[in-house]
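Protein chains in written order, with the working numbering: chain A, 2 to 612; chain E, 6 to 224.
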């Protein structure tokens with residue numbers, strides 16, 4: 002008789018994403034395995050397999066002797082329904098064993114709006130959601146990723162968090178688990194011990210108390226837990242583990258290509274950007290190492306595209322050396338080299354010309370704000386001239402397609418700034434009229450605005466989010482100032498960004514809200530077709546929690562912040578001074594120009610910050 | 006144009022036709038066998054798979070046509086190098102320097118297994134045989150322009166039905182696979198429609214062999 006899973010697969014969309022068996026999947030002999038880790042990505046296979054962090058840590062864990070790390074992704078709704086109807090618990094792709102049978106369950110969390118997926122996946126696995134309901138060493142649930150920089154909304158569910166980069170800390174916690182399992186420790190003993198590993202945050206070892214107005218009164222560490230947990234980083238990226246034998250999915254994924262991370266950190270300091278502050282300091286990889294890894298990865302995987310990724314690839318010092326070596330290799334082997342997030346400087350323009358010989362990609366800018374004044378406030382040092390010069394070049398070269406991304410609701414924003422977007426777009430149209438060599442196909446300008454979400458560990462972490470109605474008013478104001486048929490304007494609906502803002506700066510009280518939202522059917526919130534705002538609103542009102550407390554209220558500078566326990570290396574004084582600069586409209590030069598003293602260098606012992 | 010005969014079984018049955026093309030393109034690259042590319046604005050590697058296989062259907066007889074930049078490699082060499090880098094369930098059985106024209110492909114033999122979790126009902130084999138001995142069995146077929154009724158009997162060239170055990174029956178059949186083509190999974194669908202009492206709990210299918218119009222094995 003055909004197995005249940007194989008009977009379900011013909012009835013769901015894209016069944017290949019549920020079966021594993023891809024090239025380079027790692028299978029181990031169970032008799033040699035002491036610790037089994039179910040590594041969960043709280044979104045679909047196509048999204049999760051595109052995540053470089055997950056690929057690195059999959060490799061890191063499976064390099065360990067006696068450890069087998071297997072992958073788990075969130076099922077799409079049709080599969081979830083079939084699983085529930087047939088009482089089929091969540092399984093891993095490698096062994097197809099039930100997640101419930103695993104020693105450790107790890108989550109990598111990169112987006113606030115996947116919190117419901119985490120709970121839903123635990124539920125589908127048949128694992129109790131709350132940490133306190135899971136006794137014993139089996140099913141220790143831990144998590145990492147950028148959302149761990151404010152772990153509080155998930156504090157009730159996750160046993161411990163790994164803060165920062167995972168290459169070194171992950172083997173340390175698994176080694177400890179290995180010992181704990183061999184010696185048959187109690188869960189509490191393990192948590193007490195794991196909390197001593199630098200970068201580990203055990204939420205149950207802290208009590209949070211609140212004032213009558215709802216703000217945090219204090220955070221008290223228990224049992225000698227550290228007052229703050231400092232994020233971990235890898236200092237020498239050249240020597241760090243990098244998997245050149247990566248799983249090659251048998252079905253199409255979102256980023257279906259090889260991916261090479263050229264450096265970590267960012268020199269720019271855009272004041273709204275969480276990654277820009279929390280991923281500091283800047284650490285580079287050498288062009289030699291990168292070239293070797295690129296060739297190894299491509300040879301092994303057979304991909305026909307490779308992307309050079311980082312927060313701002315133009316700022317990679319050896320970009321010229323690297324691309325000069327990679328371009329001939331890629332054209333000889335019919336491989337597309339894609340270099341996203343280039344800035345509009347001269348070298349990048351030349352590089353764009355060279356890349357064009359392989360394949361023509363679009364032109365995308367993220368000025369984020371419509372006026373120079375507001376761009377100075379947010380420290381986005383992209384000038385109108387730079388945008389228009391690059392557009393002029395591109396139009397002369399035959400491009401007819403521009404995408405422009407903005408945010409609405411940035412601190413100090415006025416209607417003048419909103420209309421500045423329309424003016425900037427108008428200037429792009431005029432540039433095209435003056436410069437385009439091929440006008441037959443017409444010009445397409447895609448303008449997109451998103452709803453500003455203040456994030457922890459940024460200079461804007463105290464800011465209020467404008468109310469959704471006000472955001473929509475600004476969208477409509479902008480919309481009626483686009484007159485050209487060339488412009489296609491899309492604005493994000495505010496609902497999701499409002500919830501994102503709640504979760505981003507949320508505290509422990511939100512655990513119940515997330516749980517209630519899941520009970521009301523919230524899952525796959527990042528997918529339009531599944532997002533149910535009502536489920537969330539009902540959950541908030543059931544729990545007696547007002548989302549506005551976390552959004553339009555704004556946080557006081559003297560307030561205890563839920564994420565105060567987490568130290569990303571950048572000091573609070575620095576964030577405050579950046580906030581003051583924002584209100585004065587003064588720009589902070591990029592870190593390469595001059596060090597602004599953010600404090601993150603204290604994390605470095607072996608190397609200096611390479612800004 | 007060179008040709009591969011490969012099988013697609015096990016977990017690989019869930020890989021779609023388009024994904025399988027991509028999978029082979031990457032496998033050729035991994036094997037150090039650069040493919041020739043088509044000319045034109047968007048050069049594509051020259052691989053094509055003869056009869057697209059539905060997701061979920063297994064096969065012992067898939068054909069893939071390709072052209073290598075280096076024409077000097079032997080078929081045996083190509084096969085061995087590919088098999089080292091393919092995924093579980095996809096395996097090259099043999100490679101050929103050239104082959105028959107795809108247009109001459111006419112029929113395919115497949116085995117449909119029908120599972121009855123509560124035992125095969127009485128007279129099931131007999132009734133199903135009788136159904137397909139008739140002149141017409143009309144089954145709705147999804148086409149680009151909507152759903153059309155289709156008589157599948159003229160497309161069934163041979164059929165033998167046997168009970169494998171108390172829980173399974175096996176339909177071994179030869180059907181048209183080109184101009185017109187019959188999706189073999191229409192057969193259990195027809196049974197479900199005409200003989201609802203013999204509806205299986207689950208059915209699956211495997212392609213066994215392909216033939217030209219003179220019933221010669223097609224390669």
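Quick reminder that beta carbons are idealized off the backbone N, C-alpha and C, glycines included.
- Between residue 100 of chain A and residue 171 of chain A, the beta carbon gap of about 18 Å keeps them out of contact (Cβ cut-off 8 Å).
- Per the DSSP secondary-structure output, residue 96 of chain E pairs in a beta bridge with E/12.
- C-alpha of residue 300 of chain A to C-alpha of residue 149 of chain A: approximately 35 Å in a straight line.
- When secondary structure is reduced to three states using DSSP, residue 201 of chain A falls in the strand class.
- Taken atom to atom, the span from the alpha-carbon of residue 122 of chain A to that of residue 139 of chain A is near 17 Å.
- Across the segment 31 to 54 of chain E, CB contacts with chain A closer than 9 Å involve 31, 32, 33, 34, 35, 36, 37, 39, 40, 42, 47, 48, 50, in sequence order along the chain.
- Residue pairing of residue 209 of chain E in beta bridges, as defined by DSSP: E/118.
- In the three-state scheme derived from DSSP, where H, G and I count as helix and E and B as strand, residue 52 of chain E is classed as strand.
- With respect to residue 561 of chain A, residue 217 of chain A sits close: the two C-beta atoms are nearer than 7 Å.
- Residue contact check for residue 24 of chain A against chain E: a CB pair falls below 7 Å.
- Among the CB atoms of chain A, none fall inside 7 Å of the CB of residue 139 of chain E.
- With fewer than 16 other Cβ atoms from the protein chains shown falling within 10 Å of its own Cβ, residue 76 of chain E counts as exposed.
- Residues of the segment 274 to 305 of chain A that bring their beta carbon within less than 9 Å of a beta carbon in chain E comprise 299, 300, 301, 302, 303, 304, 305, in sequence order.
- Residues of chain A with a Cβ closer than 7 Å to the Cβ of residue 93 of chain E are, in chain order, 22.
- A direct Cα-to-Cα measurement between residue 595 of chain A and residue 266 of chain A gives close to 16 Å.
- Selection A/158, A/83, A/85 evaluated against residue 119 of chain A yields A/158 as nearest (Cα-Cα).
- Taking a contact as a CB-CB distance under 8 Å, the pair residue 339 of chain A and residue 365 of chain A does not count as one, their CB atoms being some 12 Å apart.
- When CB distances to chain A are screened at a threshold of 7 Å, the residues of the segment 59 to 71 of chain E falling below it are 60, 61, in chain order.
- For residue 595 of chain A, the secondary structure class from DSSP, reduced to helix, strand or coil, is coil.
- Taking a beta-carbon distance threshold of 7 Å, residue 10 of chain A counts as an interface residue toward chain E.
- Contact between the segment 79 to 91 of chain E and the segment 179 to 198 of chain E is absent: fewer than three C-beta pairs spanning the two stretches fall below 8 Å.
- When only Cα atoms are considered, residue 178 of chain A and residue 516 of chain A end up about 28 Å apart.
- With respect to chain E, the C-beta atom of residue 252 of chain A has a partner C-beta closer than 7 Å.
- Remark: C-beta atoms of residue 430 of chain A and residue 407 of chain A do not approach each other more closely than 7 Å.
- A distance below 6 Å between beta-carbons, with the five flanking residues on each side excluded, links residue 153 of chain E to the following residues of its chain, in chain order: 146.
- Take residue 136 of chain E, set aside five residues on each side of it, and the residues of its chain with a beta-carbon closer than 8 Å to its own are 142, 195, 196, 199, 200, in chain order.
- Exposure of residue 481 of chain A is indicated by the presence of fewer than 16 other C-beta atoms within 10 angstroms of its C-beta.
- Relative to the Cα of residue 111 of chain E, the nearest Cα in the group E/122, E/182, E/7, E/88 belongs to E/182.
- Those residues of the segment 65 to 93 of chain A placed with their C-beta closer than 8 Å to a C-beta in chain E do not exist.
- Closest in alpha carbon position to residue 526 of chain A, among A/463, A/494, A/475, A/53, is A/494.
- Cβ neighbours of residue 198 of chain A within its own chain (closer than 8 Å, five residues either side excluded): 170, 173, 174, 177.
- Residues of the same chain with a CB within less than 6 Å of the CB of residue 208 of chain A, apart from the 5 flanking positions on each side, are 221 in chain order.
- In this structure, residue 610 of chain A and residue 283 of chain A form a Cβ contact; the two beta carbons are roughly 6 Å apart against a cut-off of 8 Å.
- Counting C-beta pairs with one atom in each stretch, the segment 104 to 111 of chain A and the segment 40 to 53 of chain A have three or more that are closer than 8 Å, which means they touch.
- In this structure residue 163 of chain E is exposed. Its beta-carbon is surrounded by fewer than 16 other beta-carbon atoms within 10 angstroms.
- One alpha carbon belongs to residue 120 of chain E, the other to residue 19 of chain A, and they sit about 23 Å apart.
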